[in-house]
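Visitor: In my numbering, the protein residues as written are 11 to 516.
Sending over a structure as structure tokens; questions will come in a sec.
Laid out in structure tokens, this is it:
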């Protein structure tokens, strides 16, 4: 990449005379001169970034990651707590199914894997609610009804009222509703379902809102790094599952209600530093350094809107670690030309789609070998870790000005699985917890995963779309006209000064 700015550097001719002549400097030369000098990918300008140890945009990254972690915690904590809430003995849901034969002997169903009891060392007691499998699936899906409905409005609201307000308020309301969940549960399961629906509705605005804020704070060459924010989801799950199991075993406040009290309170407390440290744009931030603000604004423009529980944690640990690796890896390979940005997205999404599909196909073949199944599910985790880096960075590249709305649209469709999956699994396995029935669940899931990638492979793009910037087409025409009339780059600059510059978008 060559810059239009010329600099006088010494050149030695064949007679040993030293002369000064203008030459053009490349990106590599700038980096050698001043490590803090960076070249904005979108403007081809060299700008000094701040040398502060703590950069304001990375404070936003960390708090955004913690916010996503809290959202995932309040989403999945019910999946762990419900085990302690339901009276499994009363529902006769033991996985060792026997029946009395005419000869008076017990018949053991070989199509059912025996449960490995109490591997965590925690006491397992029956809860107080007699919810059937179908009722449990219905309650678990409540969050996703609200979450899916609010995705598109969430993106529009973020672009209208600001990502800071919508993300912070959505997270706070979700956490507050989590605190009052036990009271709704004790009243009726219908009221609890309605509360979970409202919780999902509050959480639905958060992903489009944080995507919108990333387009304001992340320079183009750091977008993959900022996609690490979404790895906070795995951090939340890794934290939630073992702690939820521990809280359920306590006798304080009845055990399982502590899952809702503790995590909900943490989410409410997170809202305070979010309000103080995070601001909508670099121009709005009162404590940002002049160098960092100038660097961001030059690159993207000011205000531019571009136990069982412990074992279940293993895939998400692997996913979180791999997700943190994928973000800088994508930047490394694309900036050095080893792979195009589009092919980088294709590779990441292929890992995210075919990896889980393969493991889900293998699981039915290994029978009841618990250790091997856990190993396969752990391998599934890194595959999912590639998902957020590929999807969210791709959306930012396509249309940073409408990134919130685009994420809202995509999440509206993808979260349909959150509604259908618990209901479908409950329907397929209700009163029939056998290997053959679960194999059907695994095969259906694997098929959906592979087909979704084929659709992405056919339709995917990585270049910024023309509708993202209404003035983009006019700019191309005027610059092209100037280039046709000019013979040298200096002449092109001259024509620009005479009026070929693009008009500012109104």
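Heads up, the beta-carbon is just placed ideally off N, CA and C, and yes, glycines get one too.
What's the gap between the Cα of residue 235 and the Cα of residue 474?
Guide: Straight-line Cα distance between these residues: approximately 19 Å.
Visitor: Alpha helix (DSSP H) containing residue 375: first to last residue?
Guide: Looking at the DSSP string, residue 375 is not in any alpha helix (DSSP H), and its letter there is neither H nor E.
Visitor: Between the stretch 446 to 458 and the stretch 384 to 398, do three or more beta carbon pairs fall short of 8 Å?
Guide: no
Visitor: Measure the alpha-carbon distance for residue 139 versus residue 96 and round it to whole angstroms.
Guide: 5 Å
Visitor: In angstroms, rounded to a whole number, what distance separates the CA positions of residue 84 and residue 341?
Guide: 32 Å
Visitor: If we count the other Cβ atoms within 10 Å of its Cβ and call it buried at 16 or more, is residue 491 buried or exposed?
Guide: Residue placement at residue 491 is poorly supported in this model, since its pLDDT is 42, which falls under 50; the coordinates still yield a value, given next. Result: exposed.
Visitor: To which residues of the same chain is residue 471 closer than 6 Å at the C-beta, ignoring the five residues directly before and after it?
Guide: There are no such residues.
Visitor: Measuring alpha carbon to alpha carbon, tell me which residue in 182, 146, 379, 159 is nearest residue 200.
Guide: 146
Visitor: Which one of 181, 66, 167, 447 has the shortest CA to CA distance from residue 277?
Guide: 181
Visitor: Leaving out the 5 sequence neighbours to the left and right, which residues in its chain are closer than 6 Å to residue 127 when beta-carbon positions are compared?
Guide: Per-residue confidence for residue 127 stands at a pLDDT of 47, beneath the threshold of 50, marking its modelled position as unreliable; no derived number is given.
Visitor: Any idea what DSSP makes of residue 288, helix, strand or coil?
Guide: coil
Visitor: Name, in chain order, the residues that DSSP records as bridge partners for residue 96.
Guide: 139
Visitor: Within 8 Å, do at least three Cβ pairs link the stretch 361 to 370 to the stretch 344 to 352?
Guide: no
Visitor: Under 9 Å between the Cβ atoms of residue 396 and residue 358?
Guide: Against a cut-off of 9 Å, the Cβ pair of residue 358 and residue 396 comes out as a contact.
Visitor: Would you tell me roughly how many angstroms separate the C-alpha atoms of residue 520 and residue 228, rounded to the nearest one?
Guide: This structure cannot settle anything about residue 520, because the visible part of the chain is limited to 11 through 516.
Visitor: Taking its Cβ as the centre, do 16 or more other Cβ atoms sit within 10 Å of residue 206, making it buried, or is it exposed?
Guide: Buried is the call here.
Visitor: Helix, strand or coil for residue 252? Go by DSSP, reduced to three states.
Guide: It is helical.
Visitor: For residue 88, which option in 446, 464, 394, 272 has the closest C-alpha, if you only look at C-alpha atoms?
Guide: 272
Visitor: Between the stretch 172 to 188 and the stretch 234 to 249, do three or more beta carbon pairs fall short of 8 Å?
Guide: no
Visitor: Below 9 Å between beta carbons: does that hold for residue 456 and residue 371?
Guide: yes
Visitor: Given this structure, state the Cα-to-Cα distance separating residue 209 from residue 170, to the nearest angstrom.
Guide: 22 Å
Visitor: By DSSP, does residue 479 sit in helix, in strand, or in coil?
Guide: Residue state, collapsed to three classes: coil.
Visitor: Are the CB atoms of residue 90 and residue 255 nearer to each other than 9 Å?
Guide: Note that the C-beta distance between residue 90 and residue 255 is below 9 Å.
Visitor: Give every residue of the same chain whose Cβ lies closer than 6 Å to the Cβ of residue 212, excluding the five residues on either side of it in the sequence, and list them in chain order.
Guide: 180, 183, 184
Visitor: With the cut-off set at 9 Å, would you say residue 375 and residue 216 are in Cβ contact?
Guide: no
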